[in-house]
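Enquirer: Submitted below is the structure of interest, expressed as structure tokens.
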Amino acid sequence: NNGASSLVLDISIVLPALQRLLWTHDADVLSHTCWALSHLCDGPSIYISAVVISTHTTTTTTIPQRLVELLLHPSWRVTKPALRTIGNIVCAECTSTMDFTEIMIQGGAVPKLKTLVTHSNREIQKEACWTLSNIAAGTISQIQSVMDSGAIPLLIALASDVTVDHEVRSEACWVVLNATSCGSDAQVQKLTEDGCVQVLGLLLKEASMVMMALEGLERVLQVEEAASASSTSSSVHVGSVVNASLMESLEQHKNLAVSKRATRIWKQHFVCCALCRQYFSRHCPSEARFCNECKCHVCSSCKCEIYHLSYQEELWKTHTDVSSSNNAASSTAQGIHTNASNNKKSKKKKQKKKEKKKQTATK
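FYI, the numbering for the sequence shown is 1311 to 1673, going by our numbering.
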């Protein structure tokens, strides 16, 4: 490089020595050895490949398996570099013949990482969450390994706790976000039940995370839409898990890209009842429907029929019929009253004639 000499590391010379030291019981030696391995695994994939396939000379234990064992070492000075090494292996780009993340999963790393999520040392907490976030960005089976470990509820609790260190919370959020964005429909449904939407909602408030959070929320909505379409009784309604008002407010976001995406999500997944102005899922007919006569959406609690022309016509007809009946009844009553009055007058006249005749006869 422009005449400057470069040092090329011969991994075949260095690795056997590190391999032997990795099985010592001295904490300081283990710490330095793990740090050396972490630096190797932060380099070219050829170094990482050599590390992950290396096996102890007298046992069948591989270096990855030994590193997993050291995650729960009594000294955090050993745990931290062992964790960093595993994290570097997991986030490395896979080769055509080797999936480094899968190797660490097979070595039993995920359950130990789950344990470290609640470690008293914040740096170890953060590194554990960071490593899990890279695993959660992998294949469906790799995401499932994180979910099966029981780490998700712990991560959601961490992300939701305002007293937790900000960097730890951020890394915990990334695990949930990656799992939601990359998981299968069934996995996203389970994540929703566990409370992932709450975490994604928190990320909407962070300028650097809002687009990723919208991606995760859109994935949740797509899964719930598919569930609603395939079943008449979806276990979770979209409108009840994603805050429609928050999504609508993002339409006015100062970032144009955020505003456009929020608007698209709103139009695709939500409606507003024209009468009560409440928000509902576009894909849940039991909550809201589109009225072809009113040309608007109306929720199941509101009745728009009273505004329909057919209803108004029927109401007017009923009103007219009642008025006609009342008029007829009034006319009949008036006729009866008139006849009765005439009869009374006739009787009075006859009575007067009789009285006159009597008076004439007396005279």
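Backbone N, C-alpha and C define an ideal beta-carbon position, used for all residues, glycine too.
1) Could you give the DSSP three-state label for T1428: helix, strand or coil?
2) Closest by CA to V1509, which one among A1536, S1538, D1471 and H1579?
3) From the DSSP output, in three-state form, read off A1584 for me.
4) First and last residue of the beta strand (DSSP E) that includes V1608?
5) Pick from S1322, Q1578 and K1605: whose alpha carbon is nearest that of A1584?
6) Quick check: the Cα distance between S1569 and I1575, rounded to an integer number of angstroms?
7) Could you check what DSSP says for T1372 in three-state terms: helix, strand or coil?
8) Distance check for W1440 and S1610, CA to CA, integer angstroms please.
9) So what's S1406 in DSSP terms, helix, strand or just coil?
10) Under a three-way DSSP split, which group does T1343 fall into?
11) Mind checking whether C1586 and H1607 have CB atoms under 8 Å apart?
12) What does the alpha-carbon distance come out to for the pair L1308 and R1376?
13) For S1591, name the three-state secondary structure that DSSP assigns.
14) Can you give the Cα-Cα distance for L1560 and T1411, rounded to whole angstroms?
15) In the DSSP assignment, find the unbroken alpha helix (DSSP H) run with A1572 in it and report its ends.
16) With a threshold of 8 Å between beta-carbons, can L1512 be considered close to chain C, or not?
17) With a CB to CB cut of under 6 Å and the five nearest residues on each side skipped, what residues in its chain are close to C1506?
18) Whose C-beta lies closer than 8 Å to the C-beta of M1522 among residues of the same chain, with five residues either side of it excluded?
19) Can you tell me which of V1388, L1426, S1538 and T1428 puts its alpha carbon nearest to the alpha carbon of S1596?
20) Could you work out which residue in R1387, P1391 and E1433 is closest to C1351 when comparing CA atoms only?
21) Look at the alpha carbon of V1427 and the alpha carbon of G1493, and state the distance between them as a whole number of angstroms.
22) Taking 8 Å as the cut-off, decide whether the C-beta atoms of I1399 and I1445 are in contact.
23) The beta strand (DSSP E) spanning C1601 covers which residue range?
24) Buried or exposed: which applies to S1591, given that a residue is buried once 16 or more other Cβ atoms fall within 10 Å of its Cβ?
25) Can you tell me whether S1600 is buried or exposed? The criterion is at least 16 other CB atoms within 10 Å of its CB, across all chains shown.
26) For W1626, count neighbouring Cβ atoms within 10 angstroms of its own Cβ and tell me buried if that reaches 16, exposed if not.
27) Taking Y1617 as part of the alpha helix (DSSP H), name the residues at either end of that continuous run.
28) I'd like the list of long-range same chain contacts for C1612, defined as Cβ closer than 7 Å, with 5 residues on each side in sequence excluded.
29) According to DSSP, simplified to helix, strand and coil, what is T1449?
30) With DSSP as the reference, identify every bridge partner of T1365, one or two as the case may be.
31) Based on Cα-Cα distance, which residue from L1325, V1339 and S1341 lies nearest to T1365?
32) According to DSSP, simplified to helix, strand and coil, what is L1514?
33) Just the Cα atoms here: how many angstroms apart are G1353 and A1438?
Expert: Quick look at the numbers:
1) If you number the sequence shown from 1, residue 1428 lands on position 118. Here T1428 sits in coil by DSSP.
2) Translated into the one-based positions of the sequence shown, residue 1509 becomes position 199. Scanning A1536, S1538, D1471 and H1579 for the CA closest to the CA of V1509 turns up D1471.
3) Within the sequence shown, numbered from 1, the residue matching residue 1584 stands at position 274. In the structure shown, A1584 sits in coil (DSSP, three-state: anything other than H, G, I, E or B).
4) Locating residue 1608 in the sequence shown gives position 298, where the first residue counts as 1. Run containing V1608: C1606 to C1609, per the beta strand (DSSP E) assignment.
5) Locating residue 1584 in the sequence shown gives position 274, where the first residue counts as 1. Nearest C-alpha to A1584 among S1322, Q1578 and K1605: K1605.
6) One-based indexing of the sequence shown puts residue 1569 at position 259. One-based indexing of the sequence shown puts residue 1575 at position 265. Answer to the nearest angstrom: the Cα atoms are 10 Å apart.
7) Against the sequence shown, residue 1372 aligns to sequence position 62. For T1372, the secondary structure class from DSSP, reduced to helix, strand or coil, is strand.
8) One-based indexing of the sequence shown puts residue 1610 at position 300. One-based indexing of the sequence shown puts residue 1440 at position 130. Going by the C-alpha atoms only, they are around 45 Å apart.
9) Sequence index remark: in the sequence shown, residue 1406 carries index 96 (1-based). In the structure shown, S1406 sits in coil (DSSP, three-state: anything other than H, G, I, E or B).
10) Taking the sequence shown and counting its residues from 1, the one referred to as residue 1343 is at position 33. Of the three classes helix, strand and coil, the one that applies to T1343 here is helix, per DSSP.
11) Within the sequence shown, the letter at position 276 stands for residue 1586. Within the sequence shown, the letter at position 297 stands for residue 1607. No.
12) As shown, the chain starts at 1311 and ends at 1673. That puts residue 1308 outside it, with no answer to give.
13) Taking the sequence shown and counting its residues from 1, one reaches residue 1591 at position 281. Strand.
14) Taking the sequence shown and counting its residues from 1, one reaches residue 1560 at position 250. Taking the sequence shown and counting its residues from 1, one reaches residue 1411 at position 101. Their backbone Cα atoms lie some 36 Å apart in a straight line.
15) As a working mapping, residue 1572 is identified with position 262 in the sequence shown. A1572 -> alpha helix (DSSP H) spans L1566 to H1579.
16) Among the chains of the structure shown, chain C does not appear; only one protein chain is present.
17) As a first step, residue 1506 is located in the sequence shown; it is residue number 196 there, counting from the start. If we look at C1506 and ignore the five residues flanking it on each side, its Cβ neighbours are V1486 and T1490.
18) Stepping through the sequence shown from its first residue, residue 1522 is reached at position 212. Counting only Cβ-Cβ distances below 8 Å, and skipping sequence neighbours, we find L1487, S1491 and L1513.
19) Taking the sequence shown and counting its residues from 1, one reaches residue 1596 at position 286. Among V1388, L1426, S1538 and T1428, the Cα nearest to that of S1596 belongs to S1538.
20) For this step, residue 1351 is matched to residue 41 along the sequence shown. Of the candidates R1387, P1391 and E1433, the one whose C-alpha sits nearest the C-alpha of C1351 is P1391.
21) Taking the sequence shown and counting its residues from 1, one reaches residue 1427 at position 117. Taking the sequence shown and counting its residues from 1, one reaches residue 1493 at position 183. Going from the Cα of V1427 to the Cα of G1493 covers about 21 Å.
22) What you label residue 1399 is simply residue 89 of the sequence shown in a count that begins at 1. What you label residue 1445 is simply residue 135 of the sequence shown in a count that begins at 1. I1399 is not a Cβ neighbour of I1445, given a cutoff of 8 Å.
23) What you label residue 1601 is simply residue 291 of the sequence shown in a count that begins at 1. Counted as a single uninterrupted DSSP element, the beta strand (DSSP E) harbouring C1601 occupies residues A1598 to C1601.
24) Your numbering for residue 1591 matches position 281 in the sequence shown. S1591 comes out buried.
25) As a position in the sequence shown, residue 1600 is number 290, starting the count at 1. According to the sequence as given, residue 1600 is Phe; it is not Ser. F1600 is exposed by the Cβ-count criterion.
26) Taking the sequence shown and counting its residues from 1, one reaches residue 1626 at position 316. Only exposed fits W1626, as fewer than 16 other CB atoms lie within 10 angstroms of its CB.
27) Taking the sequence shown and counting its residues from 1, one reaches residue 1617 at position 307. No alpha helix (DSSP H) contains Y1617, which DSSP labels as neither H nor E.
28) Numbered from its first residue, the sequence shown carries residue 1612 at position 302. Here the set comprises C1583, L1585 and C1586.
29) As a first step, residue 1449 must be located in the sequence shown, where it is residue number 139. The answer is coil: DSSP assigns T1449 none of H, G, I, E or B.
30) To locate residue 1365, count along the sequence shown from 1; it is residue 55. According to DSSP, T1365 bridges with T1372.
31) Taking the first residue of the sequence shown as position 1, residue 1365 is located at position 55. Comparing Cα-Cα distances from T1365 to each of L1325, V1339 and S1341, the minimum goes to L1325.
32) Residue 1514 sits at position 204 when you count from the first residue of the sequence shown. Looking at L1514 - three-state DSSP - the assignment turns out to be coil, as it is neither helix nor strand.
33) Against the sequence shown, residue 1353 aligns to sequence position 43. Against the sequence shown, residue 1438 aligns to sequence position 128. G1353 and A1438 have their C-alpha atoms some 20 Å from each other.
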